[in-house]
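Here the protein sequences come in this chain order: A and H.
Residues 76 to 632 (our numbering) make up the first sequence, in order.
Residues 241 to 378 (our numbering) make up the second sequence, in order.
Don't be surprised by glycine CBs; every beta carbon is placed ideally from N, CA and C.
Notes follow the structure.
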Amino acid sequence: MDNGLRLGVFLCDCGGTLSKATDFLAIKANLEKLPDVTYVSISHDLCLERAREAMQKDIKDKGISQVVVAACSPELHENDFMNIIQAAGVNRYLLSMANIREQCFWAHPDKGKAAKKAMAQIVMAINRARFLEPVEQTKISVNRDVLVIGGGMAGIEAAIELSNLNLKTTLIEKEAILGGKLNQFVNLYPVRVTPGELLAAKLKQVDERQNIDVLTSAELIDVSGEVGNFSARIKGGNGEFVRNFGAIIFATGYNTQFSSQIYGFELSNNIITQSQLEEMLKSSSEVKETPKSVCFVVDISDEHSRVSTLSALRNALGVKEKFGGEVCVLCKNLKVDGAGLERLYRDCRNKGVLFIKFDIPPKILKQDGEIRIEVEDVLMSGEQVSLSCDLLVVEETSIPPLDSKVLSSTLNIGLDARGFYQENNVHLYPVASNREGIFFAGNCHADLDLMRALTEASNAALSAYQLLAQEKITVETEKVMVDPDKCRFCLTCIRACPHHAIQEVRVNHEKMVAQIVDLACQGCGICAAVCPAKAIKSKDWSDEQILAELELLGEYV
Amino acid sequence: MKAKEAFLPDIIAFCCAQSAYQAADTAGSMRIPYPENIRVIRVPCAGRVDVLHILRAFEKGADGVLVLGCHEEACRHLSGNIRAKNRVQKLNTLLQEVGIDGERVEIFTLAPNQGFRFARIANEINERIKELGPSPVK
Numbered sequence: 076m077d078n079g080l081r082l083g084v085f086l087c088d089c090g091g092t093l094s095k096a097t098d099f100l101a102i103k104a105n106l107e108k109l110p111d112v113t114y115v116s117i118s119h120d121l122c123l124e125r126a127r128e129a130m131q132k133d134i135k136d137k138g139i140s141q142v143v144v145a146a147c148s149p150e151l152h153e154n155d156f157m158n159i160i161q162a163a164g165v166n167r168y169l170l171s172m173a174n175i176r177e178q179c180f181w182a183h184p185d186k187g188k189a190a191k192k193a194m195a196q197i198v199m200a201i202n203r204a205r206f207l208e209p210v211e212q213t214k215i216s217v218n219r220d221v222l223v224i225g226g227g228m229a230g231i232e233a234a235i236e237l238s239n240l241n242l243k244t245t246l247i248e249k250e251a252i253l254g255g256k257l258n259q260f261v262n263l264y265p266v267r268v269t270p271g272e273l274l275a276a277k278l279k280q281v282d283e284r285q286n287i288d289v290l291t292s293a294e295l296i297d298v299s300g301e302v303g304n305f306s307a308r309i310k311g312g313n314g315e316f317v318r319n320f321g322a323i324i325f326a327t328g329y330n331t332q333f334s335s336q337i338y339g340f341e342l343s344n345n346i347i348t349q350s351q352l353e354e355m356l357k358s359s360s361e362v363k364e365t366p367k368s369v370c371f372v373v374d375i376s377d378e379h380s381r382v383s384t385l386s387a388l389r390n391a392l393g394v395k396e397k398f399g400g401e402v403c404v405l406c407k408n409l410k411v412d413g414a415g416l417e418r419l420y421r422d423c424r425n426k427g428v429l430f431i432k433f434d435i436p437p438k439i440l441k442q443d444g445e446i447r448i449e450v451e452d453v454l455m456s457g458e459q460v461s462l463s464c465d466l467l468v469v470e471e472t473s474i475p476p477l478d479s480k481v482l483s484s485t486l487n488i489g490l491d492a493r494g495f496y497q498e499n500n501v502h503l504y505p506v507a508s509n510r511e512g513i514f515f516a517g518n519c520h521a522d523l524d525l526m527r528a529l530t531e532a533s534n535a536a537l538s539a540y541q542l543l544a545q546e547k548i549t550v551e552t553e554k555v556m557v558d559p560d561k562c563r564f565c566l567t568c569i570r571a572c573p574h575h576a577i578q579e580v581r582v583n584h585e586k587m588v589a590q591i592v593d594l595a596c597q598g599c600g601i602c603a604a605v606c607p608a609k610a611i612k613s614k615d616w617s618d619e620q621i622l623a624e625l626e627l628l629g630e631y632v
Numbered sequence: 241m242k243a244k245e246a247f248l249p250d251i252i253a254f255c256c257a258q259s260a261y262q263a264a265d266t267a268g269s270m271r272i273p274y275p276e277n278i279r280v281i282r283v284p285c286a287g288r289v290d291v292l293h294i295l296r297a298f299e300k301g302a303d304g305v306l307v308l309g310c311h312e313e314a315c316r317h318l319s320g321n322i323r324a325k326n327r328v329q330k331l332n333t334l335l336q337e338v339g340i341d342g343e344r345v346e347i348f349t350l351a352p353n354q355g356f357r358f359a360r361i362a363n364e365i366n367e368r369i370k371e372l373g374p375s376p377v378k
C-alpha cells in the first residue's frame, strides 16, 4: 500500500543514559518492521548541534515526509525540533514526539516495564504522525505603538519601560493628573522616598521622552481588531478619536470601599477608613484636635489582602510621626511577605506601635465620644484586653475600578471572582490576558505592593516588546479552521472561544459562517471539541491524531 | 483473587500540555514512580478532550480514562478545564447508563510542579480500576 508516507524515527538515548535501561538496537529493529517507517536512527544527543546537522541530512537524503522524535519531553525541545525539520524542508508541524525520558525511563524503575511503555509511546507517536498535516506560516506587519491604560505607578512605569525599548506609547489616564494612588499615600514605607518625590522623578522621565504621549481626562471606550492591529476608541478632552496600537497594557489599579456589613457599624467622625486617615495626614493644615490614641483594625474583612495590611502598617507609622500619641494595631495574621515588609513591621514596633493579635474579631463599643475595644489577646493566652481610643481606623476592601466590568465585556477579557481582571495563567503567564496582545500590570488584576507592581509593569512592557520587537509577526494560517460547508452557524464556538478569536463572516454573499481569526487564535482546540457539526478542525491536534494514539491499545501494555 | 492481582488495567490519561503533562514530566524528573500502565496523551487543553475521544478509548479497550487539566481559575484557556469537568461529569452518568461503571472516567486538576500529585492520582486510579476489574467493553 503506497500512501506516500515516509516516516523517519529519530531515537535519542540522552547521552547514553537511557541505553543503560534498555536495548535501543532492539527497539530500532522492532520499529523498522512497522509499515511506513522508512528510516530509524539512534542518536546520543539530538539536542546538540552536530546531531542536528546529521538529522537534517538524514531527512533530506531519505526523503522523509513525517518526523517522529523519541527523546525527552516535548515541553523541552519540541520547538527546536520543529526548527530543525523546517530547515530540512519539512513543514514544522509534521513532527510527532514520544516522551521516553521523563515519562518512561525516569519514572519507572522497572527497566523491562519501562522499555515496554517506551515502545508503546513510540508506536503511539508513529500512529499520530500518519495524520499530521502541514500548517503554513505567514508574516503580518504590526503596528508598533502601545496603549497603556491607567496613569498610576504601574502605568507610568510600563510607559517608561516601553519608551526605553523604543516603542511609541500612549498613556491615558481617567483623572486630570497622573499618579493614581501615589497622590493619596502619605508614605511609601518600606521604600524610603516620599510618594511626591517618586512621582516627580517618574513624571520628569515621562516628560523627557519624546515617544510617550500622555492623555489625561481620557477614557477608553472600546477596542476592535486583533493583536498587532488594535484600533482603540478613546474619549478625551477634545472629543472622541480613534488610534491604532499593536498591544495594550491595562494598569487601571483598584478602588477601595468600606463595607459596614462586615464590621456591623457605620463610619462616623471617630471611625474612619485608611483613605480618610491618609487625607487627614496629608492635609497641611493642623488638625483641630490631635487624636491622642489611634487604633487600627485589620484582617476582619479580607484575610488575604496584602494592600490593606500594608496600608495599616504604613499609616500606623505615619500617625506616630505626625501626631505622636499611642498607636495600636489589632490584627489576626500580619502578612509581611515582601521585600522590606518585615523591616517595616519592626520599625513600627521600635517606634512604639503596639500589636495585638486576635482570633475572634474584637468587640467595638461606642461610648460617649470614645471608642472602647474589647479583644482576646492570643499572645497572652486569650486574656481579655480592654482599651479605648480617640480614633478607630478600619480597613477597606479593594474593589475593581468601576469601568472594568464594561471594558471586560466590550473587549472580551475575563474577570475573576472578585471582579478584577483575570490573568491568563497565574503561574505561567502572570501578566497576559486571555487575548493575545493585551496585558495587565499592577493592582488591576492582583493584590500587590509597590515593588511587585513595578516589576509587573516592566514584565508587561517586555511582553509587549516580545510581540512587537519585529515589524512583522509570524502567524500560523488556518491552524484551526472551520469547514464552511459543515458550519450551521449555531454560534456555539463563538461563545466558547476563550480568546475571542472566532468571528462571523458571510460566504458567497449568502450563508453566514464562523471563521477563526488566525492572529487571535491560541490553538486550544476548545472550539473543535464543542462544535456539534464537527466542522472545526484543529490541524495540530485533530480528532484523527488523538484517536490514532488510542489504536493498538493493549498490545504494548 | 489471583486473577485480580494479575489484571493490569489499560489507563489512558489525557493531559493538558500546560499543566498535567508537565506534572507528569516533573514526576519523572523527580523519579517518583507511578504505574507504567498509565499512558499519557498530550492535548493542548483539557477542553480539547471530546466525549468522542473518551468513548473511543473505551471502545479500543481502555479500562479507565483520566482527564487531567489545570486547577480552576488557572486554565491557560480560561474555561477549558471547566468545560472538561462538565463533560466528564455528564459522561459519568452516561457510562453508568450503558453499563460501564461511571467511576472509570475521572477528572483531576494539577499544576505543572505537582509531580507527587500526579503520581498519587495515577496510583489511586490504578487501584480503583483494579478493584472494578476489566472494562465490560473489552
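From the beta-carbon of A:Asp-288, no residue of chain H is found nearer than 8 Å; the closest lies around 32 Å away.
With fewer than 16 other beta carbons inside 10 angstroms of its own, H:Thr-333 counts as exposed. Where H:Phe-356 is concerned, the enclosing alpha helix (DSSP H) starts and stops at 355-372. The three-state reading of DSSP puts A:Lys-441 in strand, counting E and B together. Taking all protein chains in view, the Cβ of A:Asp-618 is crowded by 16 or more other Cβ atoms within 10 Å, so the residue is classified as buried.
Contact between A:Leu-246 and A:Gly-230 holds: CB atoms are separated by about 6 Å, below the 8 Å threshold. Counting only unbroken stretches of 4 or more residues, the alpha helix (DSSP H) elements lying wholly within the segment 112-149 of chain A are 124-137, in sequence order. Burial state of A:Asn-78 is exposed, judged by a 10 Å Cβ sphere holding fewer than 16 other Cβ atoms. Chain A places no beta carbon closer than 8 Å to that of H:Val-345, leaving this residue out of the contacts. Exclusion of the five residues before and after A:Phe-495 leaves Pro-475 and His-520 as the residues of its chain whose Cβ lies within less than 6 Å of its Cβ. A:Val-143 is positioned such that its CB atom lies no closer than 8 Å to that of A:Ile-160. For H:Ile-281, the closest of H:Met-270, H:Pro-275 and H:Val-305 by C-alpha to C-alpha distance is H:Val-305.
Listed along chain H, no residue sits closer than 7 Å to A:Ile-323 by beta-carbon distance, the nearest being about 18 Å off. The DSSP-derived three-state label of A:Ala-603 is helix. Exposure of A:Leu-100 is indicated by the presence of fewer than 16 other C-beta atoms within 10 angstroms of its C-beta. Taking each of H:Ala-257, H:Ile-322, H:Ala-302 and H:Lys-330 in turn and checking the Cα distance to H:Val-291, the smallest one comes out for H:Lys-330. When only Cα atoms are considered, A:Glu-551 and A:Glu-301 end up about 15 Å apart. Those residues of the segment 180-195 of chain A placed with their C-beta closer than 9 Å to a C-beta in chain H are Phe-180, Trp-181, Ala-182, His-183, Pro-184, Asp-185, Lys-188, Ala-189, Lys-191, Lys-192 and Ala-195, ordered along the chain. For the segment 137-155 of chain A, the set of positions with a beta-carbon nearer than 9 Å to some beta-carbon of chain H reads Cys-147, Ser-148, Pro-149, Glu-150 and Leu-151 in chain order. At the C-beta level, A:Val-115 and A:Ile-139 stay beyond 8 Å of one another. One finds Ala-182, His-183, Pro-184 and Asp-185 in chain A with Cβ atoms closer than 9 Å to the Cβ of H:Pro-273, taken in chain order.
Excluding residues up to 5 positions away in sequence, Asn-277 lie with their Cβ nearer than 7 Å to the Cβ of H:Leu-248 in the same chain. In this structure, A:Tyr-338 and A:Asn-518 do not form a Cβ contact; the two beta carbons are roughly 23 Å apart against a cut-off of 8 Å. In this structure, H:Ala-260 sits near H:Phe-358, with a CB-CB distance shorter than 8 Å. Comparing alpha carbon positions, the residue from A:Lys-135, A:Glu-315 and A:Tyr-168 closest to A:Trp-616 is A:Tyr-168. Following the DSSP letters along the chain, one finds A:Glu-294 inside the beta strand (DSSP E) bounded by residues 294-301. Rounded to whole angstroms, the separation of the alpha carbons of A:Lys-438 and A:Asp-412 is 28 Å. Taking the Cα positions, H:Asn-353 is about 5 Å away from H:Ala-263. Within the segment 506-525 of chain A, those residues whose Cβ lies closer than 7 Å to any Cβ of chain H are, in chain order, Asn-509.
Within the segment 361-415 of chain A, the complete alpha helix (DSSP H) runs of at least 4 residues fall at 381-398. Of the residues A:Cys-147, A:Gly-83 and A:Ala-234, the one whose Cα lies closest to the Cα of A:Asp-133 is A:Gly-83. Distance between A:Glu-401 and A:Asn-262, taken at the CA atoms: about 19 Å.
When C-alpha distances from A:Phe-514 are compared across A:Lys-609, A:Leu-523 and A:Ile-488, the shortest belongs to A:Ile-488. At a cut-off of 8 Å, the C-beta of A:Cys-568 has no neighbouring C-beta in chain H. Our two residues, A:Asp-98 and A:Lys-612, have alpha carbons roughly 39 Å apart in a direct line.
Annotation: A:Gln-285 to A:Arg-267 spans about 30 Å, alpha carbon to alpha carbon.
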